[in-house]
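So for the sequence shown, the working numbering puts the first residue at 6; every next one is plus one.
Virtual Cβ for every residue (Gly too), placed ideally from N, Cα, C.
First up is the structure itself, then whatever we jot down about it.
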Amino acid sequence: MKSNFSIKMMMQTLWTDFYGWSVKEYAWLVLASLAIIVTSLVMGGGMIELISSLTGIVGAILVAKGKISSYAWGVVATALYAWVSYGYQLYGETILYTLVFLPMQFIGYYYWIKSSSQVGDAIVDVIKRALSTRQRLFTVGATIAAIVGYAAFLRVLEGAMPGMDAATAILSVTATLLMVRRFAEQWIAWIVVNVVAVTMWVVMVLQHQDQGWAVLAMWIVFLLNSIYGWVQWRTAKVEG
């Protein structure tokens, strides 16, 4: 059943999307959040990093669950992560999170609202899809070409680690577009993104010593959550 947008419906999802989870799923949400908080308190880091990381984790877990409110959390996480990235001279991350990922939160919300199941006035879960073989090949080719081009652009800006920065940025764009269109293959892209991002932030933490730990912890949890999301979406009923 197609959903009809309303402000009431949007507000309801902010708490109803947390209803009816299994004990393991609630445990994962709590443990992931605690991992970020403890890492930030023990290893150091700013409040903006902590809030960005926490909202990012909650949003990612909600995406894995196919919950529409993931985009509300994503708006906060995306805006703050762009600011954090700018402070670390990760200009590729800064540009794309500001100009692409932030607007995509609103676009994604619109598309998911149109393509979600509904019971009464409540949004339940988004209806999931799968790419065709041709679509997969095109997606891989276009992503590789974009990474090469964007890395060259970042070298001109003299940003830190232009290769990894470009890879995480472009792969994140690919994953976000797949996410907005409800394709399960988004999680393959997110897994690759998170592996590269973890590597990049390990380097940043080693360089800055007392900063970046909360963000690193966030990306590690993102990696674990992307594996969880892939399993969730592949075992769910999808549209071909």
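Name the two residues that bound the continuous alpha helix (DSSP H) containing residue i.
i	result
Thr138	Thr138 to Leu162
Met211	What sits at residue 211 in the sequence shown is Leu, not Met. Where Leu211 is concerned, the enclosing alpha helix (DSSP H) stretches over Gln191 to His213.
Tyr24	Per DSSP, Tyr24 belongs to no alpha helix (DSSP H) and is neither H nor E.
Trp237	A quick correction: the sequence has Gln, not Trp, at residue 237. It spans Trp218 to Thr240 - the alpha helix (DSSP H) in which Gln237 sits, taken as one unbroken run.
Ser58	Met52 to Ala69
Gly97	Tyr96 to Leu101
Ile112	Leu107 to Lys119
Leu104	That residue, Leu104, is in no alpha helix (DSSP H); it is neither H nor E in DSSP.
Tyr91	Ser75 to Gly92
In terms of alpha-carbon separation, which member of the options lies closest to residue i?
i	options	result
Ala194	Ala156, Tyr155 and Ser177	Ser177
Gly64	Arg239, Gly113 and Val43	Gly113
Leu221	Trp235, His213, Gln212 and Trp206	Trp206
Leu229	His213, Ala87, Ala69 and Arg134	Ala69
Met52	Gln94, Tyr86 and Trp238	Tyr86
Ile62	Tyr91, Ala157, Glu190 and Asn199	Asn199
Tyr76	Ala219, Met184 and Leu136	Met184
Val226	Glu190, Val203, Leu211 and Val47	Val203
Gly234	Gly217, Ile118, Phe188 and Tyr91	Phe188
Leu169	Thr144, Val153 and Thr44	Correcting the residue identity first, residue 169 is Met in this sequence and not Leu. Checking every option, the nearest Cα to that of Met169 belongs to Val153.
Let's test the definition: count the other Cβ atoms within 10 Å of the Cβ of residue i and tell me whether it reaches 16, buried, or not, exposed.
i	result
Leu159	buried
Thr138	exposed
Ala171	buried
Arg239	exposed
Ser8	Because the pLDDT at Ser8 is just 48, under 50, the model does not fix this residue reliably, and the point stays unresolved.
Glu163	exposed
Gly146	exposed
Ser27	exposed
Val129	Its pLDDT being 49, under 50, Val129 is placed unreliably by the model, and the measurement read from it follows with that caveat. Val129 should be labelled buried.
Val124	With a pLDDT of 45 at Val124, under the threshold of 50, the modelled position of that residue is not reliable, and the figure given next carries that caveat. Val124 comes out exposed.
Gln110	buried
Leu104	exposed
Val161	exposed
Ala156	buried
With which residues is residue i paired in a DSSP beta bridge?
i	result
Phe188	Arg134
Taking residue i and residue j to be in contact with their CB atoms under 8 Å, please state how far apart those CB atoms are, rounded to whole angstroms.
i	j	result
Ser38	Leu59	6 Å
Tyr102	Thr83	5 Å
Glu54	Val80	Not quite, the Cβ-Cβ distance comes to about 17 Å (not below 8 Å), so this is no contact.
Ile175	Ser231	In fact, because the Cβ distance is near 16 Å, the residues do not count as touching under 8 Å.
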